[in-house]
């Protein structure tokens, strides 16, 4: 049952961030906050909550989880909410046919523990109640987390999804880490997983250059192409150094173009 | 993910009974019913629900779990509700000092599976929101189930408690299912993992262009840089289609250069 390690962690609140993307009902934010605190998680992030923030219904539904509600941070965009994170999972009801790794909550919890133990910042994205995360949200994540459930009735309450992840996180506080996940082999220092802000900086650099050369035309194809590119690079669990190398590659490949334009 | 065994079980509804003892809020009964159906459980039993039965709030909160709500059976006493069961767990927030075995939800799920597989009827008791099960209720059970959680904030929502047990039940249905690996969910055809020959073709294309722009200078650095680039792309487990996209990216980024050179 609840051991010393788990208790210490629960008090320290050093677990992954829970990022609710465009949540609709205040009650569900409160249920999620309560579930978080049940599991020793306190870093709640809200992306564009539909009914604004603060939200009285969220506070009431948290049933004592005020600490989590009061500490919640609000962002306009998912990219801002994950900017400082090194490892991000995106929760979806089922694989979307995107070429990303798919893990169970138990595997995600193990991956989150390894990341946090290595001094990295980690988080999990949960989408809006009705529609779930968009493909653009998912493209910001290292891997997809799916809860294996009754295929005939797999739509689960937002708070329940947070509870399952938090529960697995808390159980894993007392177990030794098993399977393999993104970033596992990475060392410290320059080889640490890139912060999402720097990864997004690379994406935007690449996409700017691809716009300039016409690769992303016609415009209706642009979202699909950029998403596919982001997804494949996310899957590589890039380090800081690798992202700098890739920015150098893009700058190198386009350097002659600038000279040519000036000539 | 959802395997055949789990799907079959979910359809058959042959899992343990969920017994809500003196539940107070209709919403919580609905949340529990939804969580049950998410996990393929359909046998809902209510002992003396405070607000009577049927309950419109319960139906609304079940969000489509009508089958479970409509099939719910109501009893006056806990003893009646468990009368036909062979194995019963009683959920409590923490051990009560009673001389009963205390198991985790994972252990309870394993026990429930063993019982059901042996043709026995099994169930789990959940107490009222505020007070929990009485010692008399617990005395009807074979063992206590406790969810290990943050000792500083361990009071969980009734629906969350049902979800955790149901989740562990469902996971145990498919324990033999193999873990997900990169690209496992990818379809055939364009989304098949790239043949190494095509991957190397991309590497050589990229490196040719990086030679041309001077990125791989000085020569003594070339092997390290190219190896690092190849490694990071290998790690992404690229598909056929993705490699073609990446070749397009390199061609696009360097297309203006060729024009510039000619000018």
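Residue numbers (the working numbering), protein chains in the order written: chain H, 1 to 263; chain D, 264 to 526.
Quick reminder that beta carbons are idealized off the backbone N, C-alpha and C, glycines included.
As the structure is a prediction and not an experimental result, all values here were calculated from the model.
Output, in chain order, the set of chain H residues within a Cβ distance shorter than 8 Å of residue i.
{"i": "residue 433 (chain D)", "result": "148, 149, 150"}
Kindly indicate if chain D contains any beta-carbon less than 8 Å away from that of residue i.
{"i": "residue 64 (chain H)", "result": "yes"}
{"i": "residue 140 (chain H)", "result": "no"}
{"i": "residue 153 (chain H)", "result": "yes"}
{"i": "residue 46 (chain H)", "result": "no"}
Hey, could you find the ends of the beta strand (DSSP E) residue i is sitting in?
{"i": "residue 123 (chain H)", "result": "122-126"}
{"i": "residue 156 (chain H)", "result": "No beta strand (DSSP E) holds residue 156 (chain H); DSSP gives it neither H nor E."}
{"i": "residue 365 (chain D)", "result": "364-366"}
{"i": "residue 353 (chain D)", "result": "350-354"}
{"i": "residue 283 (chain D)", "result": "280-284"}
{"i": "residue 337 (chain D)", "result": "336-338"}
State yes or no: is the beta carbon of residue i nearer than 8 Å to at least one beta carbon in chain H?
{"i": "residue 437 (chain D)", "result": "yes"}
{"i": "residue 496 (chain D)", "result": "yes"}
{"i": "residue 350 (chain D)", "result": "no"}
Name the two residues that bound the continuous alpha helix (DSSP H) containing residue i.
{"i": "residue 321 (chain D)", "result": "319-324"}
{"i": "residue 306 (chain D)", "result": "Where residue 306 (chain D) is concerned, there is no enclosing alpha helix (DSSP H), given that its DSSP letter is neither H nor E."}
{"i": "residue 81 (chain H)", "result": "78-81"}
{"i": "residue 143 (chain H)", "result": "Taken as a continuous stretch (DSSP letters only), residue 143 (chain H) belongs to no alpha helix (DSSP H), being part of the beta strand (DSSP E) at 143-145."}
{"i": "residue 293 (chain D)", "result": "289-301"}
{"i": "residue 199 (chain H)", "result": "196-212"}
{"i": "residue 399 (chain D)", "result": "398-401"}
Give the interface partners of residue i over in chain D, defined as CB-CB distance under 9 Å, in chain order.
{"i": "residue 199 (chain H)", "result": "Those do not exist, as residue 199 (chain H) stays about 12 Å from chain D at its closest Cβ, beyond 9 Å."}
What residues from chain H crowd round residue i, counting only those whose CB sits closer than 9 Å?
{"i": "residue 492 (chain D)", "result": "242, 245, 246, 249"}
| request: Give, in chain order, every residue of the segment 472-490 of chain D whose Cβ lies closer than 9 Å to some Cβ of chain H. | output: Contacts with chain H (Cβ-Cβ distance below 9 Å) from the segment 472-490 of chain D involve 472, 473, 475, 476, 477, 478, 479, 488, listed in chain order.
| field | Residues within the segment 292-303 of chain D neighbouring chain H, beta-carbon criterion of under 8 Å | value | Here the close residues are 294, 297, 298, 300, 301, 302, 303.
| task | Residues of the segment 498-524 of chain D with a CB closer than 9 Å to any CB of chain H: list them in chain order, please. | result | Within the segment 498-524 of chain D, the residues whose Cβ lies closer than 9 Å to some Cβ of chain H are 498, 499, 500, 501, 502, 504, 505, 508, 509, 511, 512, 513, 514, 515, 516, 517, 518, 519, 520, 521, 522, 523, 524, listed in chain order.
| message | What are the residues in the segment 155-167 of chain H lying within 8 Å of chain D by C-beta distance? | response | Taking 8 Å as the Cβ-Cβ cut-off against chain D, the residues of the segment 155-167 of chain H that qualify are 155, 156, 157, 159, 160, 163, 164, 167.
| If you scan the segment 477-521 of chain D from start to end, which runs of the alpha helix (DSSP H) of 4 or more residues do you find wholly inside it? | As far as the segment 477-521 of chain D is concerned, its whole alpha helix (DSSP H) runs of at least 4 residues are 485-498.
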